[in-house]
Amino acid sequence: MSLTRDSAESSRRGGRSARPRGGVDMATLVGLAAAAVVIFVAMASGGSLRAFVDPPSLIIVLGGTLAVTTASFSLPDVAIAWRDAGAVLIHRTSDPRGVARQVLLLAEAARRAPETLRNVLPELKHESFLHRSVTLVAEGLPPDDIERMLIGEVEASGAGKVKSAGVLRRASEVAPAMGLIGTLVGLVQMLGSLNDPSSIGPAMALALLTTFYGAVLGNVALAPLAAKVERTAEEDALVKTLYTIGAVSIARQENPRRLEMLLNAVLPPGKRIQYFDRDSDRGSPRGA
1 MSLTRDSAES
11 SRRGGRSARP
21 RGGVDMATLV
31 GLAAAAVVIF
41 VAMASGGSLR
51 AFVDPPSLII
61 VLGGTLAVTT
71 ASFSLPDVAI
81 AWRDAGAVLI
91 HRTSDPRGVA
101 RQVLLLAEAA
111 RRAPETLRNV
121 LPELKHESFL
131 HRSVTLVAEG
141 LPPDDIERML
151 IGEVEASGAG
161 KVKSAGVLRR
171 ASEVAPAMGL
181 IGTLVGLVQM
191 LGSLNDPSSI
201 GPAMALALLT
211 TFYGAVLGNV
221 ALAPLAAKVE
231 RTAEEDALVK
241 TLYTIGAVSI
251 ARQENPRRLE
261 MLLNAVLPPG
271 KRIQYFDRDS
281 DRGSPRGA
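Going by UniProt numbering, the letters in the sequence shown line up with residues 1 to 288, in that order.
Here you go:
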């Protein structure tokens with residue numbers, strides 16, 4: 001059996017391939033770019049862009065945000081969070097319906113010929129979690145052990161992503177606060193040098209631009225990235241849960257029709273499949 005060939009056939013009949021689709025997340029990039037363009041146009045329409053460049057303000061906001069966020073967590077946590085934030089811009093997604101169909105294809109093949117699982121392992125290397133799941137089944141581990149190991153991995157992976165989202169969320173809260181602190185610093189400097197007109201301008205720039213930098217960094221960059229990391233974690237957990245259910249069901253040698261019901265119990269209502277019910281699938285015998 002070739003899982004790739006059968007998955008392609010299922011896709012032609014109305015479904016989608018479960019192979020992760022790599023590429024740039026256009027929704028995130030377009031959203032961030034559109035916000036940047038709007039801000040840039042507003043800045044340019046009022047005069048010189050150089051008026052919005054102030055190194056001390058940048059140091060206060062960027063350095064202060066990084067320092068306070070690191071103090072709230074740890075250096076490894078912050079480093080991992082920035083890595084996860086970059087990963088959501090170029091990510092790999094799997095369609096849950098395609099994943100469910102792939103799991104049912106494996107279940108049907110394993111029910112007909114158990115040795116099929118070992119034969120398809122090379123085709124599954126593009127999805128590391130699925131490859132490990134099928135490997136555990138092919139090696140004959142007890143179903144309860146497989147379930148415990150895979151669920152533990154899903155929970156550990158999800159916890160890591162949740163922590164990364166928490167780091168970014170904390171940074172999005174700190175950035176405007178650091179902007180306010182910079183504003184207070186600038187106001188103090190300005191009030192302390194009223195007798196020197198040449199120093200009032202730089203102090204006023206520091207007071208205003210730190211608030212501007214903090215608001216942009218926190219609300220335009222960090223908060224959307226935190227939300228994106230959270231959503232990516234949810235999608236990843238759903239896919240891995242489907243693979244876990246399939247691996248445990250195959251290990252227990254359950255009927256694939258029961259497996260379909262178990263998968264649909266996890267899938268969102270709009271993503272549920274009708275793999276075996278050909279009459280209700282509007283001509284698509286292998287997918288909704």
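Cβ coordinates follow ideal geometry from the N, Cα and C atoms, glycine included.
Nothing here was measured: the structure is a model prediction, and the numbers come from that model.
- With distances taken between CA atoms, S249 lies nearest to D145 out of A35, F52, D145, L168.
- Our two residues, W82 and S57, have alpha carbons roughly 22 Å apart in a direct line.
- By the Cβ-count criterion, I273 is buried, with 16 or more other Cβ atoms from all chains shown falling within 10 Å of its own Cβ.
- In this structure L104 is in contact with E260, their Cβ atoms being roughly 6 Å apart against a cut-off of 8 Å.
- DSSP, reduced to helix, strand and coil, places L267 outside both helices and strands of the structure shown, so it counts as coil.
- About 7 Å separates the beta carbon of I181 from that of I60, a gap short enough to meet the 8 Å contact definition.
- By the criterion of at least three beta-carbon pairs nearer than 8 Å, the region 74 to 81 is in contact with the region 166 to 183.
- With at least 16 other beta carbons inside 10 angstroms of its own, P256 counts as buried.
- At a Cβ-Cβ threshold of 7 Å, T65 and V229 do not count as neighbours.
- Under a 10 Å Cβ-count criterion, S198 is classified as exposed, with fewer than 16 other Cβ atoms of the shown protein chains found around its own Cβ.
- For the pair of segments examined, the region 186 to 195 was found not to touch the region 215 to 226: the number of CB pairs separated by less than 8 Å stays below three.
- Remark: C-beta atoms of M178 and G140 do not approach each other more closely than 7 Å.
- Assignment of beta strand (DSSP E) within the region 115 to 190, counting only whole runs of 3 or more residues, yields no such run.
- Of the candidates G270, I245, P269, the residue whose Cα lies closest to the Cα of P143 is I245.
- Shortest Cα-Cα distance from P202 to any of T183, V220, G218 involves T183.
- Residue state for E108 is assigned as helix, using DSSP reduced to three classes.
- G186 has its alpha-carbon roughly 11 Å from the corresponding atom of T211.
- With a beta-carbon spacing of about 5 Å, D54 and A205 fall inside the 8 Å limit used to define contacts.
- Assigned with DSSP and collapsed to three states, Q102 falls in helix.
- Using a Cβ distance threshold of 7 Å, L130 and Y243 count as a contacting pair.
- The Cβ atoms of V134 and L124 sit closer than 7 Å to each other.
- Rounded to the nearest angstrom, the gap between the Cα atoms of A100 and K161 is 23 Å.
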